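To convert a position in the sequence shown, counted from 1, into the numbering used here, add 22. Backbone N, C-alpha and C fix where the C-beta goes; we use that ideal spot for every residue, glycine too. Just so we're clear, the structure is a prediction, and the values are computed from it rather than from any experiment. Taking it in order: structure first as structure tokens, then the write-up.
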Amino acid sequence: MIGDCMVCPGYAHLEPAQVAKIEKLEDELGVILLAHEKPAPIASLTDADLQQIQDIEKKIGVRLVAYA
Numbered sequence: 023m024i025g026d027c028m029v030c031p032g033y034a035h036l037e038p039a040q041v042a043k044i045e046k047l048e049d050e051l052g053v054i055l056l057a058h059e060k061p062a063p064i065a066s067l068t069d070a071d072l073q074q075i076q077d078i079e080k081k082i083g084v085r086l087v088a089y090a
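So this is what it looks like as structure tokens:
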């Protein structure tokens, strides 16, 4: 159900100093970090579930995150 989700974590509301710290860490690690306000727990997946998710990620060119 696109557009409907039980738990849709929103981006965190950060002070400029907090953003600067995160940006510095991103530069140091060479990654992109996303800050969520109150993230839901990550889903526990079987290997078969994970494979299905990875398959669709490859097919449509997105990164999916599974929350419980």
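* On the DSSP bridge assignment, give the partners of H58 in chain order. => Its beta-bridge partners are Y33.
* Can Y89 and A62 be called in contact, C-beta distance under 8 Å? -> Between Y89 and A62, the C-beta gap is smaller than 8 Å, which places the two residues in contact.
* **Neighbourhood of R85 by C-beta distance below 7 Å, restricted to the same chain and skipping five residues each side** => Excluding positions up to five away in sequence, the list reads E79.
* In the DSSP assignment, find the alpha helix (DSSP H) that holds L67 and state where it starts and stops. => That residue, L67, is in no alpha helix (DSSP H); it is neither H nor E in DSSP.
* **Cα-Cα separation, S66 to Q40** => Rounded to the nearest angstrom, the two C-alpha atoms are 30 Å apart.
* Asked: CA-CA distance, G52 and V87?
  -> About 20 Å.
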